[in-house]
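Taking my numbering as reference, the numbering of the sequence shown is continuous, increasing by one, and the terminal residue is 259.
Just so you know, even glycine gets a beta-carbon here, dropped at the ideal spot from N, CA and C.
These numbers were taken from a predicted model, which means no experiment stands behind them.
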Amino acid sequence: MGSLEFTHQLHCLNALRKYTYREYYDGRDPLFDARADTIRAHADHCIEMLRQTLMCHADTGLITYDWVAGYSTQYPDFSTRHVCRDFPRVLRWAYDHQVGSPEERVVRLADNVDLAEEP
């Protein structure tokens, strides 16, 4: 069983976005139907997972700073160029190579050995 990491990373980013607008999503999104401590644990998990991803893939692109009229300190220029993967192509590849959702195809064998704890 498996899935591509970017789908989980985007899920977490979206969950954190929704968490910042919790008053809107309460009652509208099943993500917030859980107990408060469960929702908090999910947010903490997402923050930690995204932190690890950012540190693992540390972007060494350069952010430059400029003096801008009306500002007392330098202002960052975030419009630096990056060479990115073709995300629509990645999505097409993922779709073309998917096995199906785990709920559809996974069969638990009678002699399955469970992990002692969550990985």
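Check whether the Cβ atoms of residue 155 and residue 183 sit closer than 8 Å, and answer yes or no. yes
Identify the residues that DSSP records as bridge partners of residue 204: which are they? Beta-bridge pairing links residue 204 to 217.
Only counting the same chain, and skipping five residues up and downstream in sequence, which positions put a Cβ closer than 8 Å to that of residue 179? 159, 171 and 172
Run of the alpha helix (DSSP H) containing residue 152, from where it starts to where it stops: 145-160
Using a threshold of 8 Å, state whether the C-beta atoms of residue 217 and residue 199 are closer than that. no
Would you identify the three-state DSSP class for residue 247, choosing helix, strand or coil? coil
Range covered by the alpha helix (DSSP H) that runs through residue 190: 176-196
Among 231, 181 and 168, nearest to residue 143 - alpha-carbon criterion: 231
What is the DSSP secondary structure of residue 163, counted as helix, strand or coil? helix
N-terminal and C-terminal residue of the alpha helix (DSSP H) that residue 227 is part of: 227-236
Buried versus exposed, by CB contacts within 10 Å (16 or more), residue 186: buried
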